[in-house]
Each structure stands twice: as C-alpha cells, then as structure tokens.
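Enquirer: To convert a position in the sequence shown, counted from 1, into our numbering, add 459.
We put the beta carbon where it would ideally sit given N, CA and C, even for glycine.
Sharing a structure here in structure tokens format.
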Amino acid sequence: IEIAGPEKKIEAFIDLLKPYGIKELARTGRIALGRGA
460 IEIAGPEKKI EAFIDLLKPY GIKELARTGR IALGRGA
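Pasting the structure below:
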C-alpha cells in the first residue's frame, strides 16, 4: 500500500491499520523536485 498526503491524513491511516499488525513501514518525508531546465 502506498499513501501520500498531509501528515495528519497519513497518521490517521496508520492508526486504522494498527489493529491488523503492520509488518513494515517506510516514511520518506518531504521530497522536492527542481522545476524547469
């Protein structure tokens, strides 16, 4: 499963999954890409 969005949305989703037992979780944090040439 991959999810992107505001931190609060991601935290809420993780809380929903906790009862099922999360085997692995990776959080990349903020990512920036350059614009233009």
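How about Ile460 and Ile469: are their beta carbons less than 7 Å apart?
Expert: No, the pair does not count as a contact, with Cβ atoms beyond the cut-off.
Enquirer: Using the three-state DSSP reduction, which class does Lys468 fall into: helix, strand or coil?
Expert: In the structure shown, Lys468 sits in a helix (DSSP, three-state: H, G or I).
Enquirer: Could you give the DSSP three-state label for Lys482: helix, strand or coil?
Expert: Coil, per DSSP.
Enquirer: If you draw a straight line from the C-alpha of Leu476 to the C-alpha of Arg494, how long is it?
Expert: Cα to Cα, Leu476 sits roughly 36 Å from Arg494.
Enquirer: What is the DSSP secondary structure of Leu476, reduced to helix, strand or coil?
Expert: If DSSP states are grouped into helix, strand and coil, Leu476 belongs with the helices.
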